[in-house]
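Engineer:
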Amino acid sequence: MHFETFSAGGCRSYVVGCEASCAAVLIDPELSLVDHYRGHLLQKGLTLRYVVDTHTHADHFSASRQLGKLTGAPVVMHRLSAAPYPDLRLDDGDMLIAGGLKLTALHTPGHTRDSMCLVMADRVFTGDTLLIGGTGRSDLPTGDPHDLYESLFEKLLKLPGETLVYPAHDYKGRGHSTIAEEIAANPRLQKTERADFVAMMQALDLAAPTHLTEALRTNMSGGKTVAQLLAEAASGVPFMSLAELNSRLGDNSRDLVVIDLREKDAFESGHITGARHLPRGQLELRVNTELPDPTVRIVTCCEFGKISTLAAATLRELGFTRATALDGGMTGWREAGYALEPKA
Ligand SMILES: [Fe+2]
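This is the structure in structure tokens:
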């Protein structure tokens, strides 16, 4: 069996592969690693048969939908997942078969209502239900400490003691442990009485994870993250460097229109010589009067270079096929010491 662990900021994801059949299953993929997974599968000659999320993640961005689209592999989640995009929804006890791999779903609500662990012959992928030396929290949306208690003590911990534990998070670089080791040493599992366990979980008072709202929004709906939206826009837009634009201003700039997308105050406090002011909020409404010639070469600029990327993508969609965005934005322009109008 082929097995590989991927880490991104404490999030763990796993590729399990059957070498005889070249089938692979990817568990809890993270958005920033999409190219890593694809490169790895390609290098190992594996075909992705299933992409599984053990639950609706609240603390990072799942790549399951994107990988499903890119590879054609079905996205698998528990049937109680609120996300509309899983192709296959599992019940407790359902088994996935990919070549010689067999993974059985164990519904373990508590961290979230849709949490499940995936049990193989010698190992279990525990998602956020059981971590090495810890458990998932139960205070996020759809979490419940009573459910977590039952999932742990009445289900997961009843697996054979030698079963290897592979969680969806580990912040200390430990690869895995076993069910027996967790029962013996995991501080949270020492509270074996339901009331004690629930009281401990309720007293944790943890800070909300970064990106909670955006992670839940995108993981539950399949919508895009802001970073994805920007990356998609950027992939369809060429950029112009600060130095390139500076060298093209002046006499030979007739065929070049600089569009400053910032608000009025920012524009008036200092803009690139000759730049036209067209705030982002009015771009589509005023584009026909401001830019009557669709063949003109356009450089969009904003403060940091993000809004200008989105605007250049919009302009290209509208048929301005020579729209580019200024790399580095006005912040970079000022830092480089290039001329401003009115002069500072
Ligand atoms: Fe989680």
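Numbering of the sequence shown is given in the numbering used here, commencing with residue 7 and proceeding in unit increments. Don't be surprised by glycine CBs; every beta carbon is placed ideally from N, CA and C. Here the structure is a predicted model, which means the values were calculated and not measured.
1) What's the call for THR327, buried or exposed, on a 16-neighbour Cβ count within 10 Å?
2) For ASP34, count neighbouring C-beta atoms within 10 Å of its own C-beta (all shown protein chains included) and say buried if the count is 16 or more, exposed if not.
3) Please go through the same chain and pick out, in chain order, the residues whose beta-carbon is closer than 7 Å to the beta-carbon of GLY106, but skip the five residues on each side of it.
4) In this structure, does DSSP put ILE313 in helix, strand or coil?
5) Taking 8 Å as the threshold, find out whether the segment 108-126 comes into contact with the segment 149-162 through three or more Cβ pairs.
6) The alpha helix (DSSP H) with ALA205 in it runs from where to where?
7) Is the beta carbon of ALA104 closer than 8 Å to that of TYR56?
8) Residue range of the alpha helix (DSSP H) that ALA240 falls in?
9) How about THR306 and ALA345: do their beta carbons lie closer than 8 Å?
10) Closer than 7 Å: is that where the CB of GLY78 sits relative to any heavy atom of ligand 1?
11) So what's PRO173 in DSSP terms, helix, strand or just coil?
12) What are the residues that DSSP puts in a beta bridge with CYS28?
13) Is it the case that the CB of HIS117 approaches a heavy atom of ligand 1 more closely than 7 Å?
14) Whether or not the segment 218-226 and the segment 58-75 are in contact is what I'm after, with contact meaning three or more pairs of Cβ atoms, one per stretch, closer than 8 Å; do they touch?
15) Name the residue from CYS123, ASP333, ARG254 whose alpha carbon lies nearest to the alpha carbon of LEU109.
16) For MET7 and ASP202, what's the separation of their Cα atoms in angstroms?
17) What I want to know is whether the C-beta of ALA64 ends up closer than 7 Å to one or more non-hydrogen atoms of ligand 1.
18) On the three-state DSSP scale, how would you describe TYR91?
19) Whose CA, out of ILE138, ALA174, ASP211, lies closest to the CA of ALA186?
20) Have a look at TYR91, GLY181, ALA14 and flag the residue whose alpha-carbon is nearest the alpha-carbon of ALA79.
21) Under DSSP, the beta strand (DSSP E) around SER13 begins and ends at which residues?
22) Quick check: the segment 138-153 against the segment 191-211, are at least 3 beta-carbon pairs closer than 8 Å?
23) Looking at HIS84 and ligand 1, is the gap between the Cβ and the nearest heavy atom below 7 Å?
24) Once DSSP output is grouped into helix, strand and coil, what is the label at LEU212?
25) Determine the closest residue to PHE310 out of ARG303, GLU341, LEU291, with distance taken between C-alpha atoms.
26) Does the distance from the CB of ARG292 to the CB of ILE313 come in under 8 Å?
27) Exposed or buried, which one is ALA213 when buried takes at least 16 other CB atoms within 10 Å?
28) Would the beta-carbon of HIS46 be found less than 7 Å away from any heavy atom of ligand 2?
Structural biologist: The short version:
1) The residue in question, THR327, is exposed, as its Cβ has fewer than 16 Cβ neighbours within 10 Å.
2) Flag for ASP34 reads buried.
3) In chain order, CYS24, ALA26, SER27 place their CB closer than 7 Å to the CB of GLY106, counting only its own chain and leaving out the 5 sequence neighbours on each side.
4) Reduced to three states, the DSSP call for ILE313 is helix.
5) Verdict: yes, contact present.
6) It spans 200-208 - the alpha helix (DSSP H) in which ALA205 sits, taken as one unbroken run.
7) In this structure, ALA104 lies closer than 8 Å to TYR56 by Cβ.
8) Per DSSP, ALA240 belongs to the alpha helix (DSSP H) from 232-241.
9) The answer is no: Cβ separation not under 8 Å.
10) False, no ligand heavy atom lies under 7 Å from that Cβ.
11) Note: PRO173 maps to strand in three-state DSSP.
12) Paired residue(s): none; CYS28 is not in a bridge.
13) The answer is yes for HIS117.
14) Judged by Cβ distances under 8 Å, the segment 58-75 makes contact with the segment 218-226, as three or more pairs qualify.
15) When C-alpha distances from LEU109 are compared across CYS123, ASP333, ARG254, the shortest belongs to CYS123.
16) Cα to Cα, MET7 sits roughly 40 Å from ASP202.
17) At least one heavy atom of ligand 1 is nearer than 7 Å to the Cβ of ALA64, so yes.
18) If DSSP states are grouped into helix, strand and coil, TYR91 belongs with coil.
19) Among ILE138, ALA174, ASP211, the Cα nearest to that of ALA186 is on ILE138.
20) The candidate whose alpha carbon is nearest that of ALA79 is TYR91.
21) 8-14 is the extent of the beta strand (DSSP E) around SER13.
22) Because the criterion of three Cβ pairs below 8 Å is met, the segment 191-211 and the segment 138-153 touch.
23) Checking every heavy atom of ligand 1 against the Cβ of HIS84, none is found closer than 7 Å.
24) LEU212: coil per DSSP, three-state reduction.
25) PHE310 has its Cα closest to that of GLU341, out of ARG303, GLU341, LEU291.
26) With respect to the 8 Å criterion, ARG292 and ILE313 are not classified as neighbours on the basis of their beta carbons.
27) ALA213 should be labelled exposed.
28) Annotation note on ligand 2: not contained in the displayed structure, which lists ligand 1 as its ligands.
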